[in-house]
Amino acid sequence: MQWSIFRKREVQPPPGNLLSIANPELVALFGGYSLDGDVTVSELSTLGNSAFYRAIMLISGTLGQLKLNTFTDDKDGQPKKVGSIFDDPDSINLGGRQTPFEWKQTLFIHRILYGSAFCQKIKTSAGALVRLPLIHPSNVQIEEPTPQEYKDGKLPLGGKWFKVTMQDNSQKKFDANDIFEIPNITIDGVCGIGLLTIARQSISTTLSGDRASNRAMNTGLSVSALITPEDDLTHDITDDIPEIRRQLDRELTGPNKAGGFGLLNRRLKVQPLSITPKDAQFMERQQFQIEEVSRFTGVPPHLLMQTDKQTSWGTGVEEQNRGM
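The working numbering runs 65 ahead of the 1-based position in the sequence shown.
Now the structure itself:
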């Protein structure tokens with residue numbers, strides 16, 4: 066059985082610029098729709114939301130600062146710290162690109178968003194492990210052994226195959242001898258499940274709300290009122306519009322007119338036009354969004370800058386931080 070829970074990144078299209086039938090662009094081309102509506106849920110769009118970004122960076126940044134110490138037993142059976150590949154997993158001196166902190170932070174981001182983090186085992190000719198460069202999860206597909214492989218006894222180390230899309234768009238199969246995987250929670254024992262899978266609908270709703278807010282702010286009502294004359298004008302009203310606007314701007318607008326009286330030589334009817342944030346439910350949506358992110362990530366709301374509902378001050382907050 067083949068598991069394809071990870072989508073390839075759009076920056077690396079398949080050979081011949083072919084589109085997968087699962088590609089959202091192909092669905093839109095034929096007038097279809099996706100469960101995400103018109104919002105594409107991806108790593109960049111998810112991190113573009115302030116609450117998700119804050120939660121994911123708190124977790125990955127905190128864990129990225131911790132040392133990955135390695136211990137062994139000495140001759141007396143006592144634990145003894147020794148050096149290992151985890152002291153510098155992607156050594157720059159050996160052609161790597163990431164410092165130990167960057168490697169650990171990126172690893173946890175992959176694990177949170179995609180459900181698994183993957184590293185390629187780079188070894189010397191003698192078989193010594195020297196580097197663990199990260200592989201983006203969207204370039205990895207997990208496959209279980211085929212019935213024929215079970216019959217022939219040619220099983221992959223670790224019980225599953227990793228089909229990796231290389232930078233030249235070729236695909237290679239590896240097992241645990243060449244790939245190091247750190248899976249998240251799993252319900253089948255094969256694939257880890259990340260936020261982009263289990264929280265897709267919630268993330269889509271959050272991103273749709275952000276887009277609606279942006280659209281309302283950019284294309285919504287910009288004028289504060291609609292003003293119409295009550296006089297029965299006998300000539301073309303368009304001739305009076307510039308003069309009416311000039312009198313309104315002169316008599317009613319500007320900070321020096323605050324608290325004063327306006328005097329106009331026309332009878333005008335003013336109808337206010339405005340949508341308050343409360344009417345648009347922007348504030349309520351923002352608060353619910355933070356609570357939803359907190360539930361999915363386990364980060365306390367006060368660490369996501371929501372303090373209006375915080376009731377456990379002092380030692381209570383300290384204990385919540387310690388628990389997180």
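Here a beta-carbon is modelled for each residue, glycine too, at the ideal position from N, C-alpha and C.
Keep in mind it's a predicted model, so treat the numbers as computed, not measured.
Q.
Comparing C-alpha positions only, which one of E208, T230, V229 sits nearest to L220?
A. Counting from one through the sequence shown, the residue named residue 220 turns up at place 155. When each option's Cα is compared against that of L220, the closest is E208.
Q) When you compare only the Cα positions, how much space is there between Q170 and N204? A) Residue mapping note: residue 170 aligns to position 105 of the sequence shown, counting from 1. Residue mapping note: residue 204 aligns to position 139 of the sequence shown, counting from 1. Looking at the two C-alpha atoms, the distance is approximately 19 Å.
(Q) With the cut-off set at 8 Å, would you say K225 and V195 are in Cβ contact? (A) The residue you call residue 225 lines up with position 160 of the sequence shown. The residue you call residue 195 lines up with position 130 of the sequence shown. No; because the gap between Cβ atoms is not below 8 Å, this pair is not in contact.
Q) Out of G126, F239, G148, K228, which has the shortest C-alpha to C-alpha gap to N134? A) Locating residue 134 in the sequence shown gives position 69, where the first residue counts as 1. Checked all of G126, F239, G148, K228; the closest Cα to N134 is G148.
Q: For K334, collect the residues of the same chain with a Cβ closer than 6 Å to its Cβ; drop the 5 residues on either side in sequence, then sort them by chain order.
A: Indexing the sequence shown from 1 puts residue 334 at position 269. So the qualifying residues of the chain are T293, E295.
Q.
Considering Cα atoms alone, identify which of E308, R276, R280, M122 is closest to T105.
A. Counting from 1 along the sequence shown, the entry for residue 105 is found at position 40. Selected option, being the one with the closest Cα: R276.
Q) Would you call T111 buried or exposed, if buried means 16 or more other Cβ atoms sit within 10 Å of its Cβ? A) Here residue 111 corresponds to residue number 46 of the sequence shown, with the count starting at 1. Looking at its Cβ environment, which holds 16 or more other Cβ atoms inside 10 Å, T111 is buried.
Q: Sort G223, N158, N234 by Cα distance to A241 and report the nearest one.
A: One-based indexing of the sequence shown puts residue 241 at position 176. When G223, N158, N234 are compared, the shortest CA-CA separation from A241 is found for G223.
Q. Just reading off the beta strand (DSSP E) that P337 is part of, what are its end residues?
A. On the sequence shown, residue 337 is found 272 positions in, with the first residue counted as 1. Start and end: 333-337.
Q | Range covered by the alpha helix (DSSP H) that runs through S156 | A | The sequence position of residue 156 within the sequence shown is 91, counting from 1. Here S156 belongs to no alpha helix (DSSP H), and DSSP marks it neither H nor E.
**Q.** Best match in Q266, D253, P366, S125 for proximity to I174 [C-alpha to C-alpha]
**A.** Taking the first residue of the sequence shown as 1, we reach residue 174 at position 109. Answer by Cα proximity: S125.
Q. Between K237 and K228, what straight-line distance do the alpha-carbon atoms span, to the nearest angstrom?
A. The residue given as residue 237 occupies position 172 in the sequence shown. The residue given as residue 228 occupies position 163 in the sequence shown. Spanning the two alpha carbons is a distance of roughly 6 Å.
(Q) Suppose contacts are defined by Cβ-Cβ distances below 8 Å. Is E151 in contact with L260 by that definition? (A) Start at 1 with the first residue of the sequence shown, and residue 151 comes out as number 86. Start at 1 with the first residue of the sequence shown, and residue 260 comes out as number 195. In the sequence under discussion, the amino acid at residue 151 is Phe, which differs from the Glu named in the question. No, Cβ-Cβ distance for F151 and L260 is not below 8 Å.
Q. A264: buried (16+ other C-beta within 10 angstroms of its C-beta) or exposed?
A. Your numbering for residue 264 matches position 199 in the sequence shown. With 16 or more other Cβ atoms within 10 Å, it is buried.
Q: Could you say which of F353, G129, Q385 lies nearest to H367 if we only look at CA atoms?
A: The count along the sequence shown starts at 1 and reaches residue 367 at position 302. Closest by C-alpha distance to H367, out of F353, G129, Q385, is Q385.
Q: Output yes or no for whether 8 Å exceeds the beta carbon distance between D153 and R162.
A: Counted from its first residue, the sequence shown places residue 153 at position 88. Counted from its first residue, the sequence shown places residue 162 at position 97. Taking 8 Å as the Cβ cut-off, D153 and R162 do not qualify as a contacting pair.
Q.
Restricting to Cα atoms, I'd like to know which of G363, L197, N279 is closest to I187.
A. Looking up residue 187 in the sequence shown gives position 122. Taking only the C-alpha atoms, the option nearest I187 is L197.
Q) From G97 to T270, what does the alpha carbon distance come to, in whole angstroms? A) Walking along the sequence shown from the start, residue 97 turns up at place 32. Walking along the sequence shown from the start, residue 270 turns up at place 205. Low per-residue confidence applies at G97: pLDDT is 48, beneath 50, and the placement is therefore not dependable, though the value from the model is reported in the following sentence. Computed Cα separation, rounded: 19 Å.
Q. Got a sec? Which residues, its chain only, sit under 7 Å from L123 by beta carbon, not counting five neighbours each side?
A. Here residue 123 corresponds to residue number 58 of the sequence shown, with the count starting at 1. If the five residues before and after L123 are omitted, its C-beta is found closer than 7 Å to the C-beta atoms of V364, L368, all from its own chain and listed in chain order.
**Q.** Presumed contact (8 Å Cβ cut-off) between W168 and L199, rounded CB distance
**A.** Here residue 168 corresponds to residue number 103 of the sequence shown, with the count starting at 1. Here residue 199 corresponds to residue number 134 of the sequence shown, with the count starting at 1. Going by Cβ atoms, the distance from W168 to L199 rounds to 7 Å, so yes, they are a contact pair.
Q: Helix, strand or coil for L131, going by three-state DSSP, please let me know.
A: As a first step, residue 131 is located in the sequence shown; it is residue number 66 there, counting from the start. Annotated three-state conformation of L131 is coil, per DSSP.
Q) Apart from the five residues on each side of it in sequence, which residues of its chain come closer than 7 Å, Cβ to Cβ, to D243? A) Against the sequence shown, residue 243 aligns to sequence position 178. Leaving aside the five residues that flank D243 on each side, the residues in its chain whose CB is nearer than 7 Å to its CB run, in chain order, Q185, K186.
Q. Per DSSP, what kind of secondary structure is I258 in: helix, strand or coil?
A. Here residue 258 corresponds to residue number 193 of the sequence shown, with the count starting at 1. Reduced to three states, the DSSP call for I258 is coil.
Q.
Give me the residue from F136, E246, A193, G142 with the minimum Cα distance to P202.
A. What you label residue 202 is simply residue 137 of the sequence shown in a count that begins at 1. Ranking the options by Cα distance to P202, first place goes to E246.
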